[in-house]
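Enquirer:
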Amino acid sequence: MKIFLVGFMGCGKSTKAKQLANLLNCELIDLDAVIVAEQKMSIADYFSAHGEDAFRQLENQTLKSYAYPETCVVATGGGLPCYFDNMDWMNANGVTVFLEMTPPQLVSRLHNREKRPLLKGMDDEQLLDFIINKLEERNPFYHKAKLTVDAFDLKTEDLLKKIKAI
Ligand code: S3P
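The opening position of the sequence shown corresponds to residue 1 in our numbering, with each subsequent residue numbered one higher.
(1) Within a Cβ cutoff of 8 Å, which residues of the same chain sit near Val-34, ignoring the five residues on either side of it in sequence?
(2) Can you find a heavy atom of ligand 1 that lies under 7 Å from the Cβ of Ile-131?
(3) Can you give the beta carbon distance from Cys-26 to Cys-82, rounded, assuming they're within the 8 Å contact cut?
(4) Would you report the Cα separation of Leu-106 and Lys-144, rounded to the nearest angstrom?
(5) To the nearest angstrom, how far is it from the Cα of Met-90 to the Cα of Ala-151?
(6) Going by C-alpha distance, which of Met-1, Pro-140, Lys-162 is nearest Gly-79?
(7) So Thr-15 is in the alpha helix (DSSP H); what residue range does that whole segment cover?
(8) Measuring only from the beta carbon, is Ser-14 closer than 7 Å to any heavy atom that is part of ligand 1?
(9) Determine the DSSP secondary structure at Ile-29, reduced to helix, strand or coil.
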């Protein structure tokens, strides 16, 4: 089984993916980390050097060309499901899980804004507005996931039970 975790920045995809991979004793793939390793630069530096469109192309290629093992957990970047046919591709190739949180919950968790190029320099109020607007655009994609879970205070063991019950 391939599990793809999707959701907004700050919803805990990377942490939950790591914990799920531990429980399942399988490979963890963090697509942002794959891009950083292959490009030898941070996501913020990639955005500055090449722009967002180039980043979206690159994450699309990375998603589709990675040599996934039969069983793995994949953490995706927050925007990845919302470009090209990426959400449909993940649904065709594995189990997709949307880690959902409310905008105020996301604000409270997004401390390190400088490393995320889309959030650079935002205060809490600006961030809340940004998240509300972006979620309006992104929710239709996220909601194509096979499973949507309330990710705030979610125990990884409970998440795994829900995934296994699909
Ligand atoms: C982005 C989310 C980031 C990263 C990039 C763009 C987005 O990943 O891919 O900064 O558009 O939401 P995380 O969701 O892991 O922060």
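Backbone N, C-alpha and C define an ideal beta-carbon position, used for all residues, glycine too.
In this text, all values refer to a predicted model and were calculated from it rather than measured experimentally.
Expert: Reading off the structure:
(1) By one-based count along the sequence shown, residue 34 stands at place 34. Within the same chain, Val-34 has close Cβ partners Thr-62, Tyr-66.
(2) Numbered from 1 along the sequence shown, position 131 holds the residue referred to as residue 131. Flag unset: Cβ of Ile-131 not near ligand 1.
(3) Within the sequence shown, numbered from 1, the residue matching residue 26 stands at position 26. Within the sequence shown, numbered from 1, the residue matching residue 82 stands at position 82. So it is not a contact: roughly 26 Å between Cβ atoms.
(4) Here residue 106 refers to the residue found at position 106 of the sequence shown. Here residue 144 refers to the residue found at position 144 of the sequence shown. Cα to Cα, the separation comes out at about 20 Å.
(5) The residue labelled residue 90 in the question sits at position 90 within the sequence shown. The residue labelled residue 151 in the question sits at position 151 within the sequence shown. In a straight line, the C-alpha of Met-90 is about 20 Å away from that of Ala-151.
(6) In the sequence shown, residue 79 corresponds to position 79, counting from 1. Nearest C-alpha to Gly-79: Pro-140.
(7) If you number the sequence shown from 1, residue 15 lands on position 15. Its alpha helix (DSSP H) spans residues 13-24.
(8) Translated into the one-based positions of the sequence shown, residue 14 becomes position 14. Yes, ligand 1 has a heavy atom inside 7 Å of this Cβ.
(9) Position 29 of the sequence shown holds residue 29. DSSP places Ile-29 in the strand class (E or B) of the three-state scheme.
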